[in-house]
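Note sheet for the following structure.
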Amino acid sequence: MSYRVTFAVFLAATNLALSTAQAAPSTKTSQHSGETTWINTKNVKLQIQIGNTRMLATLNNSPTAHSFAALLPITMTLRDLSTAEKVSDALPTRLSEEGAPKRDMGTIGDIAYYAPWGNIAFYRDEGPDASGVIKIGKIISGLEALNSFGRVTITISLINQFQP
7 MSYRVTFAVF LAATNLALST AQAAPSTKTS QHSGETTWIN TKNVKLQIQI GNTRMLATLN
67 NSPTAHSFAA LLPITMTLRD LSTAEKVSDA LPTRLSEEGA PKRDMGTIGD IAYYAPWGNI
127 AFYRDEGPDA SGVIKIGKII SGLEALNSFG RVTITISLIN QFQP
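With the numbering used here as the guide, the letters of the sequence shown map in order to residues 7 to 170.
In structure tokens form, the structure reads like this:
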């Protein structure tokens, strides 16, 4: 009899865990302190610091955005790829490409992962339709900070985190 009760409790807990995971998709990330945090990228806002200027952005709820959030905070140098975008060097690790479209086109304010190079692109104008472009977020304020030409150093950090 106790086996049946224990199994029923196990099933109830499993169903609760699955419904919670579906309601609040999240990714596990290890911070520099060694603590583990859960990040729900559905409503995550980012702060992007360029010198004294701050931009605000949001992440989408894709597996690629989840794996990018796990790298934050991160400091990187951006360079001009064209008049349409600034790009980083390769990230320290590859991001998930699960469920991503085979190609996409960056539009003004988009933040995208460029899978072939393993880097991040920030669009200040419309970019070409290209294979390997995976949108992960959108700049919602301060985009004009990317309009200067040349290299810039940026720091991207999370503004909010949600725990399931």
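Cβ coordinates follow ideal geometry from the N, Cα and C atoms, glycine included.
Residue of K144, E104 and L52 minimising C-alpha distance to T70:
It is E104 whose Cα lies nearest to the Cα of T70.
By the three-class DSSP mapping on this structure, what secondary structure does E150 have?
Residue state, collapsed to three classes: helix.
Can you round the beta-carbon distance between K92 and I117 to whole angstroms, since I take them to be within the 8 Å contact cut?
The C-beta distance from K92 to I117 rounds to 11 Å, too long to fall under 8 Å, and the pair is not in contact.
According to the Cβ coordinates, are Q5 and I165 closer than 8 Å?
The question about residue 5 has no answer, for the chain in this structure spans 7 to 170.
Cutting at 6 Å between CB atoms, please list the residues of its own chain near S73, excluding the five before and the five after it.
So the list reads L101 and S102, once near-sequence residues are dropped.
I'd like the list of long-range same chain contacts for I162, defined as Cβ closer than 7 Å, with 5 residues on each side in sequence excluded.
Excluding sequence neighbours, I162 sits near L52, I54, L78, P79 and I80.
Could you pull out every residue in the same chain whose Cβ sits closer than 8 Å to the Cβ of D242, ignoring the five residues on either side in sequence?
Beyond the ends of the chain as shown, which are 7 and 170, falls residue 242; an answer cannot be given.
Please say whether G148 and A127 have beta carbons closer to each other than 8 Å?
For A127 and G148, no; Cβs fall outside 8 Å.
Helix or strand or just coil, what does DSSP make of F3?
No information on residue 3 is available, as it lies outside the stretch 7 to 170 that the chain covers here.
Are the C-beta atoms of P122 and some chain D residue less than 8 Å apart?
As a matter of chain content, chain D is missing from the structure shown, which is built from one protein chain.
Between which two residues does the alpha helix (DSSP H) containing S73 stretch?
That run of the alpha helix (DSSP H) goes P69 to A75.
Pick from T59, A75, N58 and R60 that is closest to N66, judged by C-alpha positions
Closest by alpha carbon: A75.
Closest residue to E132 among S88, T64 and A63 (Cα-Cα distance)
With distances taken between Cα atoms, E132 lies closest to S88.
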